[in-house]
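Numbering (full-length UniProt numbering), first residue to last: 1 to 510. What follows is a single structure, written as C-alpha cells, with notes after it.
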C-alpha cells in the first residue's frame, strides 16, 4: 500500500521571516489553504492576504495562486497583504505595495523622530549589536535584506509625517536611528549617520514610487514627468506639488468607499442646503468634513480662482469663522485656539518691544501710540509694525459702508477692509473701533461682517492655508512670523535674521 507523503510548504511571511508548514494532504481549495495558514500562523496572519507560489513551469517565478492543483507538494509561497481597492496581482512587480493611507495625518514632523520596531530578526540582531558596541565598541555589519528591512520600516514611519521630508528632516531621522541603535553608527562619518541619511533619501524616493503605483494621490499627482520613456513630460524637479508650509493633510485620498462622483453629489447637496432659509448646520458640517479631500484635489491640481471656488463651495462663506477654522484641518491645528493662546502669551513682551520701537522712531511713533492706546481691543495689528517697513498690513478704510463699490478692489490681491462710520476720523491710519471688518482676496470681497480685527486676521491666515494662496509679497515676514512663532507650523526652512531676532526678543525674560 502506498504511503501518502506530507504536503510541505515554505511560506514567506515578510522579506526576513520564512516558516515551514506541514499539512497531511492537499487543501481542497485556495480559500481553504488560506484558512489553514491563518489558523497555524496566527497572529502573524491577522490580516487579509493573497498567495503567490514559485511556478516550476516558469523557472520558479512567482505567480498568483488561483488553482490549488497548481501548487507543488513541496512548494514555496509568498504572502501578500491585500486591500479592497488594490489588487495584489495587478502588477508584475512582486514587491508588496505599501498600504495607501486613507486616514488623514494627525501630526507634524516631530522634534525627536520615533524610531520604529523592525522585524523580529533585525530587532534581535540590533539588541545583540548594541550590547557588543557598548562593551567592545564593535560596529554591526548588516546583510542586504536586514538593511532593507530597516530602511523600508523607517520610510514607512517617515511617510506618516511627510511624503516629501526635507534634507533636515531626513537627517534628524538618521541621527535618531543611530542614537537608538549605536551599533549602526558609521566610523567614517562625522556624526555617524551620513550614510544612513543618504540611504533614507533614496529609500523615500522608492517608497513614493510604490505609493504612486498603489493609488496614493499625494505622490501620484507628481508622476508621469520627464523620463527616458516620456521625453516630452514636465521637468521632474519643477512645480512639484507638495506641502511647503507645514501642511499635514496636503492632498489626502478620498474617503474609503467614496469617489469623485459621489463626493460631487455631496457638494451639490451642500450648495442646495446653504441656499435654504433655515439650513441644517449639522448636516453641512458633516458633508464638508467628508468632502475635504475633494476640495484639496481641486485646489492643488486645478488652482482655481478664489471667487469661482467660493461660489462652488458657498459653505466656506456660510458661518465663515466656523468653516474656515474647520478647513484649517489641513494642518491639524485648531486655528482660533492656537492663535489667541499664543497672542495672549506674547502680548506683554510685544507691548514692551513696541514701546521701545516707538521711542526711537519718528514717523510711526504716533501710529504706535494709537495702537498702544487700543491694545486691549485689537492687539493683533501690532505684529505688522516690527516685521515690515510699512506700519500696517494692507488695510483699506471704507467710509459710508452702505455705498460700497467693489470695483475699487479689482487690483487688490489680499487686504483687510475696515468699515467705519461717517463720523470717524479719516486721518487715522487704521480704525480699531470699526463697525466691522471684511476680507479681500484677488479683488473680490470674499468675507464680510467680521466683528473684530483679530478675528479678520485669523480668518485671513486660515483662508490662505485653506485655498493654498501665496503670502502677500510685501508682508511675507508678517505671515511667516504668525505661521512659525504663533501657530508653530515649522516647515524646515530657517527663519530670516529679522524674524529670528524677534523670536529671541519675545522669548527673552526681563
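C-beta atoms are modelled at their ideal positions from N, C-alpha and C, and glycine is treated no differently.
Buried versus exposed call for residue i [16 or more other C-beta atoms within 10 Å across all chains shown]
i	result
residue 283	exposed
residue 486	buried
residue 498	exposed
residue 22	exposed
residue 78	buried
residue 127	exposed
residue 190	exposed
residue 143	exposed
residue 74	exposed
residue 31	exposed
residue 296	buried
residue 517	The requested residue 517 does not occur in the structure, where the chain is confined to residues 1 to 510.
residue 152	buried
residue 354	buried
residue 245	buried
residue 218	buried
residue 47	exposed
residue 385	Unreliable placement is indicated for residue 385, whose pLDDT of 41 sits below 50; no coordinate value is reported for it.
residue 170	buried
residue 305	exposed
residue 437	buried
residue 331	buried
residue 135	exposed
residue 320	buried
residue 42	exposed
residue 264	exposed
residue 341	exposed
residue 389	Reliability fails at residue 389, whose pLDDT of 38 lies under 50, so the model's placement of it is uncertain and the value that follows must be treated cautiously. Exposed, since its Cβ has fewer than 16 Cβ neighbours within 10 Å.
residue 88	The predicted position of residue 88 is uncertain, since its pLDDT is 36 and thus under 50; a value taken from the coordinates is nonetheless stated next. By the 10 Å Cβ count, residue 88 comes out buried.
residue 146	buried
residue 247	buried
residue 511	No statement about residue 511 is possible, as the shown extent of the chain runs from 1 to 510 and does not include it.
CB of residue i within 9 Å of CB of residue j, strictly
i	j	result
residue 343	residue 327	no
residue 435	residue 446	no
residue 300	residue 241	yes
residue 132	residue 183	yes
residue 208	residue 163	yes
residue 413	residue 472	yes
residue 310	residue 111	no
residue 35	residue 119	no
residue 349	residue 467	no
residue 496	residue 477	yes
residue 255	residue 318	no
residue 17	residue 123	no
residue 271	residue 312	yes
residue 287	residue 273	yes
residue 117	residue 12	no
residue 460	residue 416	yes
residue 491	residue 243	yes
residue 249	residue 329	yes
residue 275	residue 314	yes
residue 148	residue 185	no
Presumed contact (8 Å Cβ cut-off) between residue i and residue j, rounded CB distance
i	j	result
residue 251	residue 221	6 Å
residue 441	residue 463	7 Å
residue 458	residue 336	6 Å
residue 196	residue 211	At roughly 21 Å, the Cβ-Cβ gap does not stay under 8 Å, so residue 196 and residue 211 are not in contact.
residue 52	residue 33	No, residue 52 and residue 33 are not in contact; Cβ-Cβ is about 12 Å, not under 8 Å.
residue 20	residue 10	6 Å
residue 109	residue 165	7 Å
residue 267	residue 291	6 Å
residue 193	residue 223	Their Cβ separation, rounded to whole angstroms, is 30 Å, which puts residue 193 and residue 223 out of contact at 8 Å.
residue 37	residue 113	The pair is not a contact, with the Cβ atoms about 35 Å apart (cut-off 8 Å).
residue 62	residue 70	No, residue 62 and residue 70 are not in contact; Cβ-Cβ is about 13 Å, not under 8 Å.
residue 294	residue 269	Not confirmed; about 13 Å, so no contact.
residue 49	residue 80	6 Å
Near the ligand SAM: residue i beta-carbon under 8 Å from a heavy atom
i	result
residue 454	Annotation note on the ligand SAM: not contained in the displayed structure, which lists no ligands.
Task: 4-residue-minimum alpha helix (DSSP H) runs that sit fully inside the stretch 167–242, ordered along the chain - done: 167–180, 194–214, 217–220
Open item on the list: Measuring CB atoms only, is the stretch 470–481 touching the stretch 149–158, in the sense that at least three cross pairs come out at less than 8 Å?
Closed with: no
Open item on the list: Please give the ranges of any alpha helix (DSSP H) in the stretch 28–52, keeping only runs that are unbroken, at least 4 residues long and fully inside the region.
Closed with: 30–40
Task: Residue ranges of each alpha helix (DSSP H) within the stretch 269–348, 4 or longer - done: 281–290, 292–297, 306–312, 320–327
Open item on the list: Give the list of continuous beta strand (DSSP E) stretches no shorter than 3 residues that lie fully inside the stretch 50–77.
Closed with: 61–64
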